[in-house]
Each structure stands twice: as structure tokens, then as C-alpha cells.
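So the sequence shown is numbered by full-length UniProt numbering: it starts at 1 and just counts up by one.
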Amino acid sequence: MLGFISKTLVIAEVEARKILHDPYDLLTRAVQPALWLLVFGQVFTRVRAIPTGDLRYLDFMAPGILAQSVLFIGIFSGMSIIWERDLGIIHKFLATPTPRAVLVLGRALAASVRGLTQALIIFLLALLVGVQVNWHPLALLATLVIVVLGALIFSTFSLFVACMVRTRERFMGLGQVLTMPLFFASNAIYPIDMMPAWLKVVSRLNPLTYEVDALRALMVRGGVSHYGIGLDVAVMGLAVVVLVALTAWRFPTLAQ
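See the structure below:
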């Protein structure tokens with residue numbers, strides 16, 4: 001078990017080092033959530049068209065934008081593995097006795113590092129626009145845990161997709177197709193109660209819904225969880241385990 005953990009951390013460290021070589025990527029990825037908070041959130045807070053209970057709309061949507069940012073980082077993280085396959089690097093990894101689950105989980109943890117840096121940027125933006133952030137240390141720590149779980153889910157899902165496609169262009173196309181339905185079929189920018197019946201069913205199957213639900217209860221003052229934080233964490237944890245297992249099973253196909 002200790003060997004599994006240490007190997008996973010080594011893979012994660014190797015992948016995370018790439019952030020140092022391209023730090024501007026983190027800044028460019030912050031542009032979209034900044035627009036959502038600074039433009040969309042400000043306008044709809046004034047309009048008051050979406051009922052959000054005791055929360056201002058800006059406070060309501062801030063956790064959803066954090067989850068969206070983590071989703072975008074995770075869903076496109078599998079692109080690097082297609083580059084490495086074309087360069088023959090993946091073949092060298094697969095030739096080693098390293099468990100496939102280690103290769104998958106290590107890369108997913110590296111995506112979590114990107115997610116945490118993005119969380120810092122969004123917290124600063126939230127503070128700038130006046131979001132009522134919950135600064136309790138335990139709430140902040142729990143928020144980071146949820147961000148890590150969310151990054152693990154969508155990065156392993158991205159790796160699974162990368163195992164199924166053969167070209168970078170097709171991967172980018174699938175990534176674009178998947179991100180918007182996942183985002184809009186969640187409670188990120190409007191309450192579940194506003195959804196039609198069929199969309200409520202879809203949202204319950206969407207792991208992003210549970211990530212947003214937990215973040216909303218932890219990140220902002222006065223926020224509550226629709227499903228309960230315990231259920232949110234359980235669903236996200238189960239999704240990580242299932243996706244890591246499926247991706248580890250498909251990982252050797254990258255060498256074909």
C-alpha cells in the first residue's frame with residue numbers, strides 16, 4: 001500500500017512540474033470564470049430573475065463557477081497523454097511494472113494541483129466582487145478537499161476518453177461537446193427546483209451537481225447543501241473509484 005501511494009505521488013510530482021514550465025496557462029484559464037463572476041454574476045444579481053432563497057445570486061453562483069473551472073481543467077487534462085503516446089513516452093511507462101492505476105491516479109492528482117491554484121484565483125475574484133466567502137479554516141479545508149475530488153473525477157474521465165480516441169482533434173471535439181452539457185445539466189448557475197423533471201433526473205446523475213452542492217454549503221456564508229455534504233462526498237468518492245478502475249483497465253490500449 002505504501003509503495004502504491006509513493007509511486008502515485010512520484011507520477012503526480014512529475015506531471016505537476018509541467019505547471020512551472022507554463023504558468024501562464026493557469027492565468028488564461030482564469031479568464032472565463034472571471035467573466036462569469038464579473039459580468040454574468042453582477043448583471044443577474046441586479047436583475048434578480050433567478051430565485052436563490054436567502055443568497056444573493058452572486059453568492060449562489062460563485063461555487064458553481066469554481067466547479068466549472070475545475071471541470072474545464074480536468075476535462076482537457078487528458079490531452080497531454082495523447083501527445084505522450086505520439087512521442088512514445090506512454091509505451092515506456094507501460095513497459096515498467098508500475099500498476100496502471102498508479103499512472104492514472106498520479107496524473108489525476110497533478111490535475112488536482114491545477115484545480116487548487118484555480119481555486120485560489122477564484123477566491124480572490126470572489127473577494128473582489130463582494131461574495132460572502134466563508135473564511136472558517138475548516139470550511140476552507142473542506143472546500144479544497146471537494147475541489148480535489150472534483151478534479152480527480154473529471155481528469156480521470158478525461159483520461160478515459162483519451163484512451164478511446166486516436167487523435168488530438170477528436171479529443172478536443174469531444175471535450176467541447178461534453179463540458180457544456182455537464183455544466184448546464186447541473187445546479188451551477190440555477191437551482192435544481194427550477195429544472196424541468198427530465199433535467200432533474202439528468203442532474204442527479206451528474207457528478208458536477210454534487211460538487212457544486214458541497215461547495216455551495218462550504219464556500220459561502222449562509223449556503224446550504226441540497227443533498228447533504230455526506231452524500232455529496234460519497235457520490236464523488238464512488239465516481240473517482242469507478243473512473244480510476246475503468247481508466248486503468250483501458251490504459252494499455254494507448255500503446256496500440
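Glycine included, C-beta positions come from ideal geometry on N, C-alpha and C.
Predicted, not measured: the structure shown is a model, and the values here were computed from it.
About 6 angstroms separates the beta carbons of residue 182 and residue 206, which is inside the 8 angstroms limit, making them a contact pair.
Approximately 16 angstroms separates the beta-carbon atoms of residue 114 and residue 65; this is outside 8 angstroms, ruling out the contact.
Excluding residues up to 5 positions away in sequence, 78, 79, 82, 161, 162, 165 lie with their Cβ nearer than 8 angstroms to the Cβ of residue 171 in the same chain. For residue 106, the enclosing alpha helix (DSSP H) covers residues 100-129. Nearest to residue 173 by C-alpha distance, out of 186, 197, 75, 219, is 75.
The residues 192, in chain order, have a CB closer than 7 angstroms to that of residue 200 in the same chain once the five nearest residues on each side in sequence are set aside.
Just so you know, the alpha carbons of residue 251 and residue 42 end up roughly 44 angstroms apart.
Here residue 220 carries a strand assignment [DSSP, helix/strand/coil]. For residue 231 and residue 159, the gap between their C-alpha atoms comes out near 25 angstroms.
Per DSSP, residue 137 is one residue of the alpha helix (DSSP H) stretching across 137-164.
Put simply, the segment 99-119 does not touch the segment 49-56. Fewer than three CB pairs are less than 8 angstroms apart. Around the CB of residue 120, fewer than 16 other CB atoms lie within 10 Å, so the residue is classed as exposed.
Counting only residues of its own chain and dropping the five nearest sequence neighbours on each side, residue 131 has a CB closer than 7 angstroms to the CB of 58, 59, 62, 220.
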